[in-house]
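Comments concern the structure below.
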Ligand code: B12
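Residue numbers (our numbering): 703 to 1010.
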């Protein structure tokens, strides 16, 4: 590899006007062609970088119908205010695409809304959770089959993986977060939303997935010493046992000074919240997003604000 012909990650990031972390991620997911030196550093051919930019940047064009360029991300995200955006993902359109399993359409709707300035938190709190709630209601009323509900959830999960590749990430902030849902809770989407959201704010994320006992969370927490722990509960069973296991877990965490955020319908009741003390009982991803940014920039203020 002749050194002058190849660009480093930093040079490529400067050329495309994005962060180095985004370049590394696109290279890892093979959206942007790269080679590694013997020392393990990524190198980029200028032709590949130019092609990448010309062909629609994120390479989404090659895999899904809608091409999205890096330059577009920059321009649209910074120049368009969401209120003026033509492209918002309506819960009804999303609902129809989800139950039909039209993943590319769901991806296009969410990515497009994101490119038009809608934050991930707004999309998750808004269109996505509203569409899923409607699916839950219709399933409960017997108007949707279990299969349709499963297809919708699978489609939403796939799309979150696509979003994860496409969303521009800032340089890592050096902080680690762990996310999961409580034991016996198989609802996976809120955990995945938490993951994508935190990464987009520069956090490194260890995702333990749904159905995680507090004892397992405690073990991983002592191994990795995260600054933030996010636990979701859509359904909370065995309340007394959960309270006691959470108490043990929290004792460990307090000595590590990690911030705990609890979210989801299972933790929404005031009486339950009293039994599960936490730094923040989040009602929305917007609240988590604000705290995650504040923790990265002003950790002391974030803790004080969250505890108020
Ligand atoms: C998909 C789904 C399933 C799938 C999950 C598959 C998977 N891999 O994820 C499957 C089929 C497994 C399932 C199973 C069951 N489900 Co279900 N499910 C749903 C459904 C349709 C969508 C949930 C979802 O993903 N929402 C998307 C997320 C992003 O939105 P959200 O949950 O509303 O969360 C918002 C906030 O609470 C907050 N939030 C949530 N978590 C967190 C975490 C953090 C850190 C933060 C900051 C914020 C946050 O942010 C979100 C946006 O604002 C809901 C309907 C609904 N109302 O939500 C029913 C629903 C939750 N399920 C329900 C039921 C009853 C069940 C079952 C008991 C059914 C059964 N008889 O088997 C089982 C229980 C299984 C278990 N033990 O977990 C009921 C719960 C009723 C209740 N309160 O008790 C619901 C409400 C359906 C209904 N209308 O009856 N389910």
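Just so it is clear, CB atoms sit at the ideal spot from N, CA and C, and this is done for glycine as well.
Any non-hydrogen atom of the ligand B12 within 7 Å of residue i CB
i, result
"residue 892", "yes"
"residue 835", "yes"
"residue 937", "yes"
"residue 886", "yes"
"residue 831", "yes"
"residue 934", "yes"
"residue 963", "yes"
"residue 842", "yes"
"residue 994", "no"
"residue 839", "yes"
"residue 986", "yes"
Contact under 8 Å by Cβ, residue i with residue j
i, j, result
"residue 721", "residue 873", "yes"
"residue 899", "residue 987", "yes"
"residue 960", "residue 929", "yes"
"residue 800", "residue 813", "no"
"residue 888", "residue 916", "no"
"residue 733", "residue 746", "no"
"residue 998", "residue 877", "yes"
"residue 891", "residue 849", "no"
"residue 805", "residue 861", "yes"
"residue 991", "residue 823", "yes"
"residue 731", "residue 871", "no"
"residue 893", "residue 931", "no"
Euclidean distance between Cα positions of residue i and residue j
i, j, result
"residue 855", "residue 945", "29 Å"
"residue 914", "residue 885", "5 Å"
"residue 710", "residue 971", "51 Å"
"residue 838", "residue 851", "8 Å"
"residue 842", "residue 977", "29 Å"
"residue 737", "residue 830", "37 Å"
"residue 895", "residue 742", "31 Å"
"residue 802", "residue 825", "20 Å"
"residue 748", "residue 979", "53 Å"
"residue 897", "residue 816", "17 Å"
"residue 717", "residue 751", "9 Å"
"residue 995", "residue 795", "31 Å"
"residue 903", "residue 973", "32 Å"
"residue 982", "residue 754", "41 Å"
Proximity test, residue i beta-carbon vs the ligand FAD heavy atom, cut-off 7 Å
i, result
"residue 990", "Of the ligands this structure carries, namely the ligand B12, none is the ligand FAD."
>> Tell me whether the region 900-916 and the region 880-892 touch, counting them as touching only if at least three CB pairs, one residue from each stretch, are closer than 8 Å.
In response: Taking 8 Å as the limit for Cβ pairs, the verdict is that the region 880-892 does touch the region 900-916.
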